[in-house]
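Asks:
Numbering (full-length UniProt numbering), first residue to last: 1 to 137.
1. My parser needs the alpha helix (DSSP H) runs of 4 or more residues fully inside the region 34-101; what are they?
2. Are three or more beta carbon pairs between the region 121-133 and the region 83-95 nearer than 8 Å?
3. Classify residue 41: buried if its beta carbon has 16 or more other beta carbons within 10 angstroms, exposed otherwise.
4. Return the CA-CA distance between residue 110 and residue 80, expressed in angstroms with no decimal places.
5. Indicate whether residue 65 and residue 33 have their beta-carbon atoms separated by less than 8 Å.
6. Between residue 61 and residue 108, which are expected to be in contact by the criterion C-beta below 8 Å, what is the C-beta distance as a whole number of angstroms?
7. Can you tell me where the alpha helix (DSSP H) holding residue 25 begins and where it ends?
8. Please report the residue range of the alpha helix (DSSP H) in which residue 135 lies.
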């Protein structure tokens with residue numbers, strides 16, 4: 001049964017993951033100054049460059065997932081981005097106990113998203129993708 005669902009599930013996975021990253025990337029572009037300010041607030045170096053890189057990774061990575069083009073590389077890039085960003089922007093362990101819950105939830109949500117992205121990197125985009133079309137599957 002699952003063999004027949006492999007392509008639709010791979011497509012659903014790509015689209016659902018892109019649904020998380022594409023709006024975030026677009027909002028970084030449309031609210032660029034706010035994004036730079038937020039990055040500055042956590043003490044990262046070169047916040048303008050970091051904001052541009054974050055927006056590019058999220059928008060371009062999302063488009064790659066949607067179309068299934070360069071899926072494995074895009075999924076790896078998004079996984080790395082998500083995991084690194086989690087440590088800087090959802091550092092619940094640095095907060096007072098009464099303020100940890102939401103950031104802890106966000107941190108572990110990102111850990112789960114990273115797992116899904118790594119599965120895409122491992123198994124590919126599926127048959128309903130530009131990657132499959134290019135390889136002749």
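Even glycine gets a Cβ: it sits at the ideal position worked out from N, Cα and C.
Replies: Checking against the coordinates, here is how it stands:
1. Residue ranges of uninterrupted alpha helix (DSSP H) with 4 or more members, entirely inside the region 34-101 and ordered along the chain, are 47-67, 71-89.
2. no
3. exposed
4. 11 Å
5. Going by C-beta atoms, residue 65 is not nearer than 8 Å to residue 33.
6. Rounded, the Cβ-Cβ distance is 21 Å, inconsistent with contact.
7. 2-30
8. 130-135
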